[in-house]
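Enquirer: I am attaching a structure below and will ask some questions about it afterwards.
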Amino acid sequence: MIRREVERRRGLMTKLLRFIAVFGLFALVTAACAQSSEEGASPTGGAQPGAGHQVCFVADVGGVDDKSFNQQIYEGLLKAKSDIGIAFSYVTSKSAADYAPFIQDYVNQNCDLIVLAGFNMGPDLIKSATANPDQLYAIVDYNIFDFSKTPPKDLTFPN
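Quick look at the structure:
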């Protein structure tokens, strides 16, 4: 039982690290390809580093103009679209009952990354990530680890 939980958490940490690596790569490529404003940043006609990548965002009930996490994520995706050429789609939940079906719809659409907003979506993220271990996820304002239990050895740090 404990071993299975440790392995599950290790898998979730691997997904998180992959997500960080993918976005780190996007940031590095964007910085390397960026022109200064003095040079006159004009499109070169070449493919942007994010071209061909689909990010799918499940917004919480507040919508993308909530002046909080939903809006910050949405504005970040708009910037990523203009700066590095990612494609993205989003759907706004009307209630908590929408979370799991919206997440599953995006899994079925083979999104490269599914982004979720808020701790309310955490349990549905865990269920989906467990059922779809190759899918990449990101969530804002949720801690996937329960440190009230003994944490896995590789997540224990001296104080």
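Residue numbers 320 to 478, in my numbering, belong to the letters of the sequence shown in order.
We put the CB at the ideal spot given by N, CA and C, even for glycine.
Cutting at 6 Å between CB atoms, please list the residues of its own chain near S356, excluding the five before and the five after it.
Expert: Here the question's residue 356 lines up with position 37 in the sequence shown. Low confidence applies to S356: its pLDDT is 40, below 50, so where it sits in the model is not reliable, and the reading given next is rough at best. The answer is none, since no qualifying residue turns up.
Enquirer: Tell me the residue span of the alpha helix (DSSP H) that contains A314.
Expert: The structure shown does not extend to residue 314, since the chain is modelled only from 320 through 478, so no value can be given for it.
Enquirer: What separation, rounded to the nearest whole angstrom, lies between the Cα atoms of M440 and D453?
Expert: Here residue 440 refers to the residue found at position 121 of the sequence shown. Here residue 453 refers to the residue found at position 134 of the sequence shown. C-alpha separation (whole angstroms): 19 Å.
Enquirer: State the beta-bridge partners of Y456 as determined by DSSP.
Expert: Taking the first residue of the sequence shown as 1, we reach residue 456 at position 137. The partner list for Y456 (beta bridge, DSSP) reads I433.
Enquirer: For I463 and P420, what's the separation of their Cα atoms in angstroms?
Expert: Numbered from 1 along the sequence shown, position 144 holds the residue referred to as residue 463. Numbered from 1 along the sequence shown, position 101 holds the residue referred to as residue 420. Distance between I463 and P420, taken at the CA atoms: about 20 Å.
Enquirer: With a cut-off of 8 Å on the beta carbons, I'd call P442 and I403 a contact; round off their distance for me.
Expert: Walking along the sequence shown from the start, residue 442 turns up at place 123. Walking along the sequence shown from the start, residue 403 turns up at place 84. 32 Å between Cβ atoms; not a contact.
Enquirer: Report back the beta-carbon spacing between Y425 and A378 to the nearest angstrom; my notes put them in contact at under 8 Å.
Expert: Along the sequence shown, read from residue 1 onward, the residue named residue 425 stands at position 106. Along the sequence shown, read from residue 1 onward, the residue named residue 378 stands at position 59. Wrong, their Cβ atoms sit about 12 Å apart, outside the cutoff.
Enquirer: So, are the CB atoms of L455 and L432 less than 8 Å apart?
Expert: What you label residue 455 is simply residue 136 of the sequence shown in a count that begins at 1. What you label residue 432 is simply residue 113 of the sequence shown in a count that begins at 1. In this structure, L432 lies closer than 8 Å to L455 by Cβ.
Enquirer: What's the C-alpha gap between Q391 and V383?
Expert: Indexing the sequence shown from 1 puts residue 391 at position 72. Indexing the sequence shown from 1 puts residue 383 at position 64. In a straight line, the C-alpha of Q391 is about 8 Å away from that of V383.
Enquirer: Would you mind stating whether V434 and V374 have Cβ atoms separated by less than 8 Å?
Expert: Here residue 434 refers to the residue found at position 115 when the sequence shown is read from its first residue. Here residue 374 refers to the residue found at position 55 when the sequence shown is read from its first residue. A contact, by the Cβ cut-off of 8 Å.
Enquirer: Among N429, D417, Q423, S387, whose alpha-carbon lies nearest the alpha-carbon of A406?
Expert: Start at 1 with the first residue of the sequence shown, and residue 406 comes out as number 87. Nearest option by C-alpha distance: N429.
Enquirer: Report buried or exposed for N427, applying the criterion of at least 16 other Cβ atoms within 10 angstroms of its Cβ.
Expert: In the sequence shown, residue 427 corresponds to position 108, counting from 1. Flag for N427 reads exposed.
Enquirer: What do you reckon, are the CB atoms on V380 and S401 nearer than 8 Å?
Expert: In the sequence shown, counting from the first residue as 1, residue 380 sits at position 61. In the sequence shown, counting from the first residue as 1, residue 401 sits at position 82. Cβ distance not < 8 Å, so V380 and S401 don't count as in contact.
Enquirer: Roughly how many whole angstroms lie between the Cα atoms of G437 and A457?
Expert: The residue labelled residue 437 in the question sits at position 118 within the sequence shown. The residue labelled residue 457 in the question sits at position 138 within the sequence shown. Near 10 Å, if we compare the C-alpha coordinates of A457 and G437.
Enquirer: Based on Cα-Cα distance, which residue from G371, T449, E394 lies nearest to I422?
Expert: Indexing the sequence shown from 1 puts residue 422 at position 103. Minimum Cα distance to I422 is reached at T449.
Enquirer: Measure the alpha-carbon distance for A366 versus S387 and round it to whole angstroms.
Expert: Position 47 of the sequence shown, counting from 1, holds the residue named residue 366. Position 68 of the sequence shown, counting from 1, holds the residue named residue 387. When rounded, the distance between both Cα atoms is 32 Å.
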